[in-house]
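Quick note, the sequences are listed as chains A and B, same order. Position 499, counted from 1, in the first sequence is what this note's numbering calls 500; the numbers after and before it change by one each time, with no gaps. Position 123, counted from 1, in the second sequence is what this note's numbering calls 124; the numbers after and before it change by one each time, with no gaps. Glycine is no exception: its CB is placed at the ideal position from the N, C-alpha and C atoms. Every value quoted in this text rests on a predicted model; they were computed, and no experiment measured them. Accompanying notes for the structure given below.
There are 2 protein chains.
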Amino acid sequence: MSSIIRHSSRLGIRTANFVPPRGRNAYATAAPYFNNEPSQPSVMTSIPGPVSRKAIEELDPVFDIRSLNMPCDYEKSVGNYLADMDGNMLLDVLVMHCIELKSVWFFLINTANREFLYWLRYAQIASIPVGYNNPRLAAAMSSKEAVNALVNRPALGNFPPGYWASLLKTGILAVAPKGLNQVFTAMAGSDAIETSYKAAFIYRRRMERGEGADFTPREIESVMKNQAPGSPKLAIMSFRKAFHGRLFGSLSTTRSKPIHKLDIPSFDWPQASFPQLRYPLEDNIEANREEEEKCLAEVESLISSWHCPIAAIVVEPIQSEGGDNHASPTFFRGLREVTQKKGVLLIVDEVQTGVGATGKFWAHEHWDLQTPPDMVTFSKKAQTAGYYFGNPLLRPNLPYRQFNTWMGDPVRAILFRAIIQEISKHDLVKNTAETGDYLYKELEKLASKFPERIQNLRGKDRGTFIAFDTPRRDAFLKKMKTCGVNIGGSGETAVRLRPMLIFQKHHASILLEKLELALKEI
Amino acid sequence: MSSIIRHSSRLGIRTANFVPPRGRNAYATAAPYFNNEPSQPSVMTSIPGPVSRKAIEELDPVFDIRSLNMPCDYEKSVGNYLADMDGNMLLDVLVMHCIELKSVWFFLINTANREFLYWLRYAQIASIPVGYNNPRLAAAMSSKEAVNALVNRPALGNFPPGYWASLLKTGILAVAPKGLNQVFTAMAGSDAIETSYKAAFIYRRRMERGEGADFTPREIESVMKNQAPGSPKLAIMSFRKAFHGRLFGSLSTTRSKPIHKLDIPSFDWPQASFPQLRYPLEDNIEANREEEEKCLAEVESLISSWHCPIAAIVVEPIQSEGGDNHASPTFFRGLREVTQKKGVLLIVDEVQTGVGATGKFWAHEHWDLQTPPDMVTFSKKAQTAGYYFGNPLLRPNLPYRQFNTWMGDPVRAILFRAIIQEISKHDLVKNTAETGDYLYKELEKLASKFPERIQNLRGKDRGTFIAFDTPRRDAFLKKMKTCGVNIGGSGETAVRLRPMLIFQKHHASILLEKLELALKEI
């Protein structure tokens, strides 16, 4: 057992016994997953406090600190609670980022408050799945196997460790989406996405060329000059407000905010409109159906009319960075149909939605597809990255076409296996579904109490992947901060929730209490 | 102390006492860094042997194995010796990859032997710096700090651990190239390169726009459609035969082999000729001077004539994947002058050359530049990745322009710090310089003995970064394999050496012995 596990009882915070929060209406008091968590957030200093300020000053000369929220004490953090350097313990549902704006910030141009930018970075940008200092994870990372994988990092494409197949099967592939039994491992979301695009392009040309056909001398000669036909004009289609990463190929499909893209050369690839649904859904059935049909028609028309062939369409099950935009299962089934009809691959980007957050392990399981997506990308809560696929022809016809030195990281694959075991042991996907239902219903009540302040509540039946709009969003966020809960915005008016999978009803109650307080006061 | 360190004495291999290899001429018998290494490679089965074959069969259905060399036993590997699953112990100077060619393999088109492709993957593609199961590294990775960083992986741009500044200063920045005191951390070579390109584009537009100028509404509107002026036509120039990575931006600058690039859309960016020097250098001074001047003139002319502005030039100190192509310090000083004169940034890609392999910590230290490069990228032997820079204006004018979820990995930064300490403690850069000198001199002798079989010997005064051409390269590689040493090729006719930093003279002697044997027999 690692020193980290043992020392958790020595944490200098008020943890000893779990005390359910007072107030708020009753809820089922399920046993807490972390019984050494504090019972409430506690903020004893301004944030950042004096110790944090000193750490920031030290960091500034060598590292860009303008995106910094706060330096953290990860030894003292536990479960849903993130500790800062000054001993403050924050419920890490939603952490807000606050930057003084020295220049215009574009996606806030139309909002009233231009003084501060509130920015959402919860649970390490939704990448911590099963709590800080989770003992099962600490045990896995202290194991001989993990230390060995760190010290002797293999080039997985050439020299995998002997246990690689077994690790894949008991880890990454044990939770593979239905119909997708193969994986290409990567290191983070952006390279998972970009390698899936490469797979799509290679596949497209393979189909066009015909099985077994060799590259032509003209292709071989032109590709070294970055010219067609060797480097063909082909495109990936994405949706307005999508976010798929920040490297050159992925950034060309990211459409959430200008600031991510300005000054960076990009590929001339198309974007289709993503449905803009009206809420509540039950009151806008016909309008939403029409909206989704319009978007699907646009997709189909763009495939036919774009100046070059579309090799794949990439889509998030819920547009996250773009403001928590949802579409119905019908829309996604329609998208699958269009792509199949047109011979275009469908890549479902589950980097943010995957690994349980929506109340299913993969968000696209909510759609009930007849045939699986061609590729599904993952990262964040998986703590490793890559893409799943099922069609063996998506393996390039020759080796070394899709290759790099490390091709992922076995220690992170070991960590994902431990995460999967922890999720399974505690039935955490179910917990997320149930906590989400509770939270959504309570938010519905709040919305009917404050109809001008909670609008477009969304995320029903999508676990804790819940968001709403608030027209005076920035004033609201400010107020929440003074209430001791950090909460964050996305898009232009959205407030979104992204707790970990171990976020339980008693945590939700704390959040709801603070929310109501803030809503009353603004 | 970790179990790995303790169990190294229980390794089931003939290690107990170091026995200097017999034969070959005398050399200074420095104390071995690993006294539990075997004294000789040992191959008891065919490679892959029966256990390995079984592991490969198990892996095939779920993972692309066509680039696979062999599954390894990293528990039994030690120092310079890599163990396979069948108990074979290979001196991991140079491991050869052998694939049956079922299709034409383009860069071998002009060679005699098309039956097999021998491919170089030594020391995990030159990424293992200080030996398998290095005890100092195992201790660092078993530490409380490392386990904590693994379990609670921070989003470094938002929530760095409190020790991040200190870790940077005692690790990554402690070995920063002269004049470059800042770092942007990444996860692997490709994203290190791509983020450095993004920095170059953002910087370029900042200079063009003028300090403090805002983005125009037209830029903001056009960028969301991937169009100029928001997404401008700007280029990165690279050199023929360069290798800089495999994602969309980096691949657009990679020019080593068609197979890396075919079917992948790319940016219309220019390539300049890299000097093709004649050997031996001392007999071709004038011709080489002319060749380098011609290349510099081409660079200058391309900057002026390309259809869009060049934001940066990226160059490897020694072109590695392209066949170990060298240029003189005079050439690189000239390149620095041209870039400064033309207002183009210079990015030195030290992903393969960095961290000691050339007998200096950074290969560009050999050039004696008057002003440092604008950015230097690193990965591989650093076991983490990123780019160094010095000019504070290379930090974008606003946060979140250069950002991603993880922005590197603290546990790998901890590992790099341990690597730096190990290098320093044993003076391993000096060892590499000295072993390299010895190896180079002995190879010179072999070259004069077999002038038709060792040609264009290169890498003098560049540590163990040594290569030569052999016209019957593939037959030679085959022969070496039967001699029990795996050695690899690069480019079309090159054989190149890439040992770890702990490769000592007694290891070099084993290699030289086998080389001579093979040269005699082909």
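Under the DSSP assignment, Asn457(B) falls in the beta strand (DSSP E) whose first and last residues are Gln456 to Arg459.
Runs of beta strand (DSSP E) with 3 or more residues, each lying fully within the region 156-240 of chain A, are found at 183-187 and 236-240, listed in chain order. Taking a Cβ-Cβ threshold of 7 Å, none of the residues of chain B is close to Trp363(A); the smallest such distance is about 18 Å.
Close to chain B, meaning a Cβ-Cβ distance shorter than 7 Å, are the following residues of the region 247-278 of chain A: Arg247, Leu248, Phe249, Gly250, Ser253, Arg256, Pro259, Ile260, Lys262, Leu263, Asp264, Ile265, Pro266, Ser267, Phe268, Asp269 and Trp270. Across the set Leu520(A), Phe202(A), Asn36(A) and Met86(A), the C-alpha of Phe202(A) shows the shortest separation from the C-alpha of Gln403(A). Under DSSP, the beta-bridge partners assigned to Asn326(B) are Gln320(B). Considering only beta carbons, the part of the region 57-86 of chain B lying closer than 8 Å to chain A consists of Glu59, Leu60, Pro62, Val63, Phe64, Asp65, Arg67, Ser68, Leu69, Asn70, Met71, Pro72, Cys73, Asp74, Tyr75, Glu76, Ser78, Leu83 and Met86, in chain order.
Neighbourhood of Asp375(A) in chain B, by CB distance below 9 Å: empty, with the nearest CB roughly 16 Å away. DSSP places Ile415(B) in the uninterrupted alpha helix (DSSP H) bounded by Pro411 to Lys426. By the Cβ rule, the region 321-338 of chain A does not count as touching the region 160-171 of chain A, because fewer than three pairs are nearer than 8 Å. Short of 6 Å from the beta carbon of Ser78(A), and not among the five residues preceding or following it, lie these beta carbons of its own chain, in chain order: Ala84 and Tyr133. The contact set of Ile48(B) on chain A, defined by CB atoms closer than 9 Å, is empty, because the minimum CB distance reaches about 12 Å.
Close to chain A, meaning a Cβ-Cβ distance shorter than 7 Å, are the following residues of the region 216-239 of chain B: Phe216, Glu220, Ile221, Val224, Met225, Asn227, Gly231, Ser232, Pro233, Lys234 and Leu235. For Gln384(B), the secondary structure class from DSSP, reduced to helix, strand or coil, is coil. In summary, Met45(B) is exposed, with fewer than 16 beta-carbon neighbours lying within 10 Å of its beta-carbon over all protein chains present.
For Thr433(A), no Cβ of chain B is located within less than 8 Å of the residue's own Cβ. Shown here, Gln341(A) sits in a helix according to DSSP, grouped into three states. Neighbours of Leu498(A) across chain B, judged by C-beta separation under 9 Å, do not exist; the nearest C-beta is about 17 Å away.
Between Asn159(A) and Leu69(B), the CB-CB gap stays under 8 Å. Here Pro330(B) has His367, Trp368 and Asp369 as same chain residues with Cβ atoms under 7 Å from its own Cβ, once five neighbours each way along the sequence are excluded. For Arg290(A), the enclosing alpha helix (DSSP H) has its first and last residue at Ile286 to Ser306.
For Met188(A), the nearest CB of chain B lies under 8 Å from its own CB, placing it at the interface with that chain. Ile511(B): member of the alpha helix (DSSP H) spanning Lys506 to Glu522, first to last residue. Contact annotation for Glu212(B) against chain A: no contact, minimum CB-CB distance about 11 Å [criterion: below 8 Å].
Less than 8 Å separates the beta-carbon of Pro310(B) from that of Leu235(B). Of the residues Ser267(A), Glu443(A) and Ser380(A), the one whose Cα lies closest to the Cα of Gly357(A) is Ser380(A).
With a cutoff of 8 Å on beta-carbon distance, Ser128(B) and Lys382(B) are scored as near each other. In the three-state reduction of the DSSP assignment, Tyr280(B) falls in the coil class. Chain order gives the chain A residues near Arg396(B) as Asp65, where near means a beta carbon separation below 7 Å. For Arg497(A), the enclosing beta strand (DSSP E) stretches over residues Ala495 to Arg497. Spanning the alpha carbons of Leu444(A) and Leu399(A) requires a straight line of approximately 53 Å. One alpha carbon belongs to Ala31(B), the other to Ser425(B), and they sit about 17 Å apart. Contact annotation: in the region 403-421 of chain A, residues whose CB is within less than 8 Å of a CB in chain B are Gln403, Phe404, Asn405, Thr406, Trp407, Val412 and Leu416. The continuous alpha helix (DSSP H) containing Tyr441(B) extends over residues Leu429 to Lys450. Proximity of Tyr388(A) to chain B, defined by a Cβ-Cβ separation below 8 Å, is not satisfied. At a cut-off of 8 Å between beta carbons, Leu174(B) contacts chain A.
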